[in-house]
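Peer 1:
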Amino acid sequence: MVHIPSNIIFGRLVDKIGRNRLISIGVFLDGISMLLYAIAQDPFFLLFGRIVHGIGGGFGGPATMAYISDATTQRRSGRGMALYGMSIGFSNLIGFLLGGLVAQIIGESNLFFIMAIILFIMSFTSFFLPSIYQPSKKKINLREELKTFRRTVVRRSMISPYFSILAMMFNMGIVTAVYTLMLEHSAYTVGQTGMILSIMVIFSIIIHYPAGILSDRIGYVKVMLIGLLL
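Mapping to full-length UniProt numbering: the sequence shown position 6 is 6, numbers consecutive.
Below you can see the structure in the form of C-alpha coordinates.
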(Lines of atoms letter the chains of each structure in order from A and count residues from 1; the text may use other names and numbers.)
(Lines give C-alpha, C1' and ligand atoms only; values in the text may rest on other atoms or scores of the structure.)
Protein backbone atom coordinates (compact mmCIF):
# COMPACT_ATOMS: atom_id res chain seq x y z
CA MET A 1 0.00 0.00 0.00
CA VAL A 2 2.93 2.34 0.65
CA HIS A 3 5.45 0.87 -1.78
CA ILE A 4 3.29 1.36 -4.91
CA PRO A 5 2.58 5.11 -4.51
CA SER A 6 6.16 5.61 -3.31
CA ASN A 7 7.44 4.14 -6.58
CA ILE A 8 5.27 6.54 -8.56
CA ILE A 9 6.12 9.61 -6.50
CA PHE A 10 9.83 9.10 -5.90
CA GLY A 11 10.45 7.38 -9.24
CA ARG A 12 10.11 10.84 -10.82
CA LEU A 13 13.31 11.87 -9.07
CA VAL A 14 15.37 9.10 -10.69
CA ASP A 15 15.73 10.97 -13.99
CA LYS A 16 16.15 14.35 -12.30
CA ILE A 17 18.89 13.85 -9.72
CA GLY A 18 20.44 10.57 -10.85
CA ARG A 19 20.47 7.01 -9.59
CA ASN A 20 23.18 6.92 -6.92
CA ARG A 21 21.60 9.32 -4.46
CA LEU A 22 18.21 7.62 -4.56
CA ILE A 23 19.77 4.18 -4.15
CA SER A 24 21.65 5.44 -1.09
CA ILE A 25 18.53 7.08 0.39
CA GLY A 26 16.46 3.95 -0.23
CA VAL A 27 19.00 1.65 1.44
CA PHE A 28 19.34 4.08 4.36
CA LEU A 29 15.56 4.05 4.92
CA ASP A 30 15.63 0.26 4.76
CA GLY A 31 18.21 0.37 7.56
CA ILE A 32 15.95 2.67 9.59
CA SER A 33 13.09 0.21 9.14
CA MET A 34 15.30 -2.61 10.45
CA LEU A 35 15.95 -0.56 13.60
CA LEU A 36 12.22 0.03 14.00
CA TYR A 37 11.53 -3.70 13.67
CA ALA A 38 14.15 -4.39 16.33
CA ILE A 39 12.60 -2.07 18.92
CA ALA A 40 8.94 -2.57 18.01
CA GLN A 41 6.80 -3.42 21.04
CA ASP A 42 3.31 -3.32 19.51
CA PRO A 43 1.64 -3.82 16.10
CA PHE A 44 1.25 -0.08 15.45
CA PHE A 45 4.98 0.56 15.86
CA LEU A 46 5.66 -2.41 13.61
CA LEU A 47 3.24 -0.94 11.07
CA PHE A 48 5.20 2.33 11.14
CA GLY A 49 8.35 0.35 10.40
CA ARG A 50 6.63 -1.24 7.40
CA ILE A 51 5.63 2.21 6.13
CA VAL A 52 9.24 3.41 6.31
CA HIS A 53 10.34 0.21 4.58
CA GLY A 54 7.84 0.81 1.78
CA ILE A 55 9.04 4.39 1.29
CA GLY A 56 12.63 3.13 1.15
CA GLY A 57 11.61 0.72 -1.58
CA GLY A 58 10.02 3.63 -3.44
CA PHE A 59 13.40 5.37 -3.50
CA GLY A 60 15.62 2.38 -4.14
CA GLY A 61 13.51 0.17 -6.42
CA PRO A 62 13.17 2.45 -9.47
CA ALA A 63 16.73 3.74 -9.03
CA THR A 64 18.34 0.29 -9.02
CA MET A 65 16.34 -0.87 -12.06
CA ALA A 66 17.23 2.34 -13.90
CA TYR A 67 20.90 1.88 -12.99
CA ILE A 68 20.89 -1.66 -14.42
CA SER A 69 19.14 -0.38 -17.55
CA ASP A 70 21.81 2.31 -18.00
CA ALA A 71 24.59 -0.27 -17.64
CA THR A 72 23.21 -2.64 -20.32
CA THR A 73 22.59 -2.19 -24.03
CA GLN A 74 19.11 -2.65 -25.49
CA ARG A 75 20.14 -5.90 -27.18
CA ARG A 76 21.24 -7.33 -23.83
CA SER A 77 18.52 -5.76 -21.69
CA GLY A 78 16.97 -9.16 -20.96
CA ARG A 79 20.28 -10.42 -19.57
CA GLY A 80 20.64 -7.25 -17.52
CA MET A 81 17.22 -7.64 -15.93
CA ALA A 82 17.99 -11.33 -15.38
CA LEU A 83 21.11 -10.41 -13.41
CA TYR A 84 19.02 -7.93 -11.41
CA GLY A 85 16.50 -10.67 -10.64
CA MET A 86 19.29 -13.08 -9.73
CA SER A 87 20.74 -10.59 -7.25
CA ILE A 88 17.33 -10.36 -5.58
CA GLY A 89 17.10 -14.14 -5.64
CA PHE A 90 20.49 -14.55 -3.96
CA SER A 91 19.46 -12.05 -1.30
CA ASN A 92 16.25 -13.97 -0.66
CA LEU A 93 18.18 -17.24 -0.58
CA ILE A 94 20.60 -15.95 2.05
CA GLY A 95 17.73 -14.41 4.00
CA PHE A 96 15.61 -17.56 3.98
CA LEU A 97 18.51 -19.90 4.74
CA LEU A 98 20.25 -17.86 7.42
CA GLY A 99 17.51 -15.55 8.71
CA GLY A 100 15.50 -18.16 10.51
CA LEU A 101 18.53 -20.03 11.83
CA VAL A 102 20.31 -16.90 13.07
CA ALA A 103 17.10 -15.56 14.64
CA GLN A 104 16.77 -18.82 16.61
CA ILE A 105 20.32 -18.40 17.92
CA ILE A 106 20.61 -14.67 18.69
CA GLY A 107 16.97 -13.55 18.63
CA GLU A 108 14.92 -11.54 16.14
CA SER A 109 15.80 -8.11 17.56
CA ASN A 110 19.55 -8.71 17.43
CA LEU A 111 19.24 -9.94 13.86
CA PHE A 112 17.41 -6.75 12.85
CA PHE A 113 20.10 -4.64 14.54
CA ILE A 114 22.81 -6.44 12.56
CA MET A 115 20.88 -5.96 9.33
CA ALA A 116 20.48 -2.25 10.09
CA ILE A 117 24.25 -1.85 10.48
CA ILE A 118 24.89 -3.68 7.19
CA LEU A 119 22.35 -1.52 5.36
CA PHE A 120 23.81 1.71 6.75
CA ILE A 121 27.25 0.66 5.47
CA MET A 122 25.77 -0.21 2.07
CA SER A 123 23.99 3.15 1.99
CA PHE A 124 27.32 4.93 2.43
CA THR A 125 29.12 2.85 -0.21
CA SER A 126 26.28 3.44 -2.71
CA PHE A 127 27.46 7.04 -3.07
CA PHE A 128 30.63 5.72 -4.73
CA LEU A 129 28.91 3.73 -7.49
CA PRO A 130 30.14 4.73 -10.98
CA SER A 131 27.96 7.52 -12.38
CA ILE A 132 26.60 6.18 -15.66
CA TYR A 133 23.55 8.37 -16.11
CA GLN A 134 23.66 12.12 -16.56
CA PRO A 135 20.41 13.92 -15.65
CA SER A 136 18.82 15.79 -18.53
CA LYS A 137 19.16 19.57 -18.43
CA LYS A 138 15.81 19.93 -20.17
CA LYS A 139 13.08 20.76 -17.68
CA ILE A 140 9.71 19.03 -18.03
CA ASN A 141 6.75 20.36 -16.10
CA LEU A 142 4.43 18.18 -14.07
CA ARG A 143 1.63 18.28 -16.66
CA GLU A 144 3.90 16.88 -19.38
CA GLU A 145 5.16 14.20 -17.01
CA LEU A 146 1.59 13.15 -16.20
CA LYS A 147 0.76 12.94 -19.92
CA THR A 148 3.81 10.76 -20.54
CA PHE A 149 2.93 8.60 -17.54
CA ARG A 150 -0.66 8.17 -18.72
CA ARG A 151 0.42 7.23 -22.26
CA THR A 152 2.85 4.67 -20.89
CA VAL A 153 0.42 3.10 -18.42
CA VAL A 154 -2.45 2.61 -20.88
CA ARG A 155 -0.33 1.23 -23.74
CA ARG A 156 -1.58 -2.10 -25.02
CA SER A 157 1.94 -3.54 -24.92
CA MET A 158 1.95 -3.08 -21.13
CA ILE A 159 -1.01 -5.42 -20.51
CA SER A 160 1.10 -8.60 -20.51
CA PRO A 161 3.72 -7.21 -18.09
CA TYR A 162 0.94 -5.99 -15.77
CA PHE A 163 -0.66 -9.43 -15.56
CA SER A 164 2.73 -11.11 -15.22
CA ILE A 165 3.76 -8.88 -12.30
CA LEU A 166 0.33 -9.24 -10.69
CA ALA A 167 0.49 -13.03 -10.88
CA MET A 168 4.07 -13.13 -9.58
CA MET A 169 3.43 -10.84 -6.61
CA PHE A 170 0.14 -12.58 -5.79
CA ASN A 171 1.97 -15.90 -5.78
CA MET A 172 4.75 -14.51 -3.59
CA GLY A 173 2.20 -13.12 -1.16
CA ILE A 174 0.57 -16.53 -0.79
CA VAL A 175 3.91 -18.31 -0.37
CA THR A 176 5.32 -15.91 2.22
CA ALA A 177 2.09 -15.63 4.22
CA VAL A 178 -0.23 -18.61 3.90
CA TYR A 179 2.38 -21.27 3.16
CA THR A 180 4.53 -20.05 6.04
CA LEU A 181 1.56 -20.34 8.41
CA MET A 182 0.87 -23.86 7.13
CA LEU A 183 4.43 -24.88 7.94
CA GLU A 184 4.18 -23.26 11.37
CA HIS A 185 0.98 -25.18 12.14
CA SER A 186 2.77 -28.36 11.04
CA ALA A 187 5.32 -27.78 13.85
CA TYR A 188 8.19 -26.65 11.61
CA THR A 189 10.69 -24.32 13.27
CA VAL A 190 11.56 -20.89 11.85
CA GLY A 191 14.88 -22.22 10.56
CA GLN A 192 13.26 -25.21 8.86
CA THR A 193 10.64 -22.97 7.25
CA GLY A 194 13.38 -20.73 5.86
CA MET A 195 15.22 -23.70 4.37
CA ILE A 196 12.03 -25.00 2.72
CA LEU A 197 11.28 -21.59 1.20
CA SER A 198 14.86 -21.35 -0.07
CA ILE A 199 14.23 -24.32 -2.39
CA MET A 200 11.92 -22.14 -4.49
CA VAL A 201 14.52 -19.37 -4.56
CA ILE A 202 17.29 -21.74 -5.71
CA PHE A 203 15.28 -22.82 -8.76
CA SER A 204 14.39 -19.19 -9.45
CA ILE A 205 18.08 -18.22 -9.50
CA ILE A 206 18.96 -21.13 -11.78
CA ILE A 207 16.31 -20.19 -14.36
CA HIS A 208 16.74 -16.39 -14.30
CA TYR A 209 19.70 -15.94 -16.65
CA PRO A 210 18.62 -18.55 -19.24
CA ALA A 211 15.19 -16.90 -19.24
CA GLY A 212 16.85 -13.51 -19.82
CA ILE A 213 18.79 -14.88 -22.81
CA LEU A 214 15.62 -16.48 -24.16
CA SER A 215 13.71 -13.21 -23.86
CA ASP A 216 16.39 -11.44 -25.92
CA ARG A 217 15.97 -14.07 -28.64
CA ILE A 218 12.24 -14.79 -28.85
CA GLY A 219 10.77 -11.72 -27.13
CA TYR A 220 9.58 -10.82 -23.65
CA VAL A 221 5.91 -11.66 -24.17
CA LYS A 222 6.52 -15.34 -24.98
CA VAL A 223 8.80 -15.77 -21.98
CA MET A 224 6.25 -14.07 -19.72
CA LEU A 225 3.52 -16.41 -20.97
CA ILE A 226 5.73 -19.43 -20.24
CA GLY A 227 6.33 -18.10 -16.73
CA LEU A 228 2.62 -17.52 -16.13
CA LEU A 229 1.80 -21.06 -17.29
CA LEU A 230 4.41 -22.49 -14.93
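Every residue gets a Cβ at the ideal spot worked out from N, C-alpha and C, and that includes glycine. Predicted model, so just to flag it, every value in this text is computed and none were measured.
Identify which residue in I206, V190 and F163 has its Cα closest to the Cα of L98.
Peer 2: The residue with the shortest Cα to Cα distance from L98 is V190.
Peer 1: Going by beta carbon distance, what residues of the same chain come within less than 6 Å of A116, once the five residues before and after it are set aside?
Peer 2: Here the set comprises G31, M34 and L35.
Peer 1: Given a cut-off of 7 Å on the beta-carbon distance, is the pair L47 and V201 in contact?
Peer 2: Not in contact: L47 and V201 (Cβ atoms no closer than 7 Å).
Peer 1: Determine the extent of the alpha helix (DSSP H) in which Q192 is found, giving its start and end residues.
Peer 2: From DSSP, the alpha helix (DSSP H) with Q192 extends over V190 to I218.
Peer 1: State whether the segment 153-166 contacts the segment 182-199, with contact taken as three or more CB pairs (one from each stretch) at a distance under 8 Å.
Peer 2: With a cut-off of 8 Å, the segment 182-199 and the segment 153-166 do not count as touching, because too few Cβ pairs lie within range.
Peer 1: Does the distance from the C-beta atom of A71 to that of I132 stay below 7 Å?
Peer 2: Taking 7 Å as the Cβ cut-off, A71 and I132 qualify as a contacting pair.
Peer 1: Applying the 10 Å Cβ sphere with the 16-neighbour rule, what's the burial state of M169?
Peer 2: Its Cβ having fewer than 16 others within 10 Å, M169 is exposed.
Peer 1: Which two residues bound the contiguous alpha helix (DSSP H) that contains D30?
Peer 2: Unbroken alpha helix (DSSP H) run through D30: R19 to I39.
Peer 1: For G107, which three-state DSSP category applies?
Peer 2: Coil.
Peer 1: Compare the C-alpha of Y188 against each of L119, G100, R12 and G18 and name the closest.
Peer 2: The option with the nearest alpha carbon to Y188 is G100.
Peer 1: Just to confirm, are M224 and S126 a CB contact at a threshold of 7 Å?
Peer 2: Not in contact: M224 and S126 (Cβ atoms no closer than 7 Å).
Peer 1: Just mark G173 as buried or exposed, buried being the case when its beta carbon has 16 or more other beta carbons within 10 Å.
Peer 2: G173 should be labelled exposed.
Peer 1: Helix, strand or coil: which one does DSSP assign to M1?
Peer 2: In the structure shown, M1 sits in coil (DSSP, three-state: anything other than H, G, I, E or B).
Peer 1: Taking 7 Å as the limit between beta carbons, can you name the residues of its chain near G89, skipping five residues before and five after?
Peer 2: So the qualifying residues of the chain are V201, S204, I205 and H208.
Peer 1: Do the segment 101-109 and the segment 16-31 meet, that is, are 3 or more Cβ pairs less than 8 Å apart?
Peer 2: The segment 101-109, when compared against the segment 16-31, does not touch it at the 8 Å Cβ threshold.
Peer 1: For a test of the three-state rule: what should DSSP assign to I132, helix, strand or coil?
Peer 2: Of the three classes helix, strand and coil, the one that applies to I132 here is coil, per DSSP.
Peer 1: Can you tell me where the alpha helix (DSSP H) with F170 in it begins and where it stops?
Peer 2: Element bounds for F170: I159 to I174.
Peer 1: Please tell me whether A63 and I23 are closer than 7 Å, where the distance is taken between their beta carbons.
Peer 2: The answer is yes: Cβ separation under 7 Å.
Peer 1: Does the Cβ-Cβ distance between F96 and G194 come in under 7 Å?
Peer 2: Yes. Within cutoff.
Peer 1: Cutting at 6 Å between CB atoms, please list the residues of its own chain near F10, excluding the five before and the five after it.
Peer 2: Hits under 6 Å: G58 and F59.
Peer 1: G56 and L13 - do their beta-carbons sit closer together than 7 Å?
Peer 2: The answer is no: Cβ separation not under 7 Å.
Peer 1: Beta-carbon separation of G61 and N7 under 7 Å?
Peer 2: Cβ atoms of G61 and N7: closer than 7 Å.
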